[in-house]
Amino acid sequence: MTIVPCGTNFCGVISRTFRGGLETRPPNLGRQIVIDMAPQGDGAYRGKVRRPTNDKIHQGRIALSGDAMQLSGCVAGGLICARQSRQREN
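Just so we're aligned, residue 4 is where the sequence shown starts under this note's numbering, counting upward by one.
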């Protein structure tokens, strides 16, 4: 995923995907999945995330700690969440 400024917030697109250790080129490549993440302080961001498998947009959060990013998308007022972790690529 590549995160870039979008206005005063941040957005992210699918920039690389892997399956079985090999890089793939799925139809979602280049698709925006992180939408208008606004800084909340202390490495926390809130905005929206798109789930590419069904193209639905959910409430989202990002937590940054050093080079690690925890991305979560939630439904039902935050009762059900899916999370994934990413490391910054050099």
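Glycine is no exception: its CB is placed at the ideal position from the N, C-alpha and C atoms.
Assigned secondary structure, Asp39 (DSSP; H/G/I helix, E/B strand, else coil): Reduced to three states, the DSSP call for Asp39 is strand.
Among Phe21, Gln87, Gly33, Arg28, nearest to Val7 - alpha-carbon criterion: Gly33
For Pro29: DSSP bridge partner residues: Answer is none; Pro29 lacks a bridge partner.
First and last residue of the uninterrupted beta strand (DSSP E) at Thr5: 5–9
Val78, buried or exposed, once every other Cβ within 10 Å from all chains shown has been counted against 16: exposed
Neighbourhood of Gln87 by C-beta, 6 Å cutoff - its chain only, sequence neighbours within 5 removed: Leu74.
Residues that DSSP places opposite Asn12 in a beta bridge: Cys9
Supposed contact pair Val52 and Phe13 - C-beta distance, whole angstroms, cut 8 Å: Phe13 to Val52, Cβ: 12 Å. No contact.
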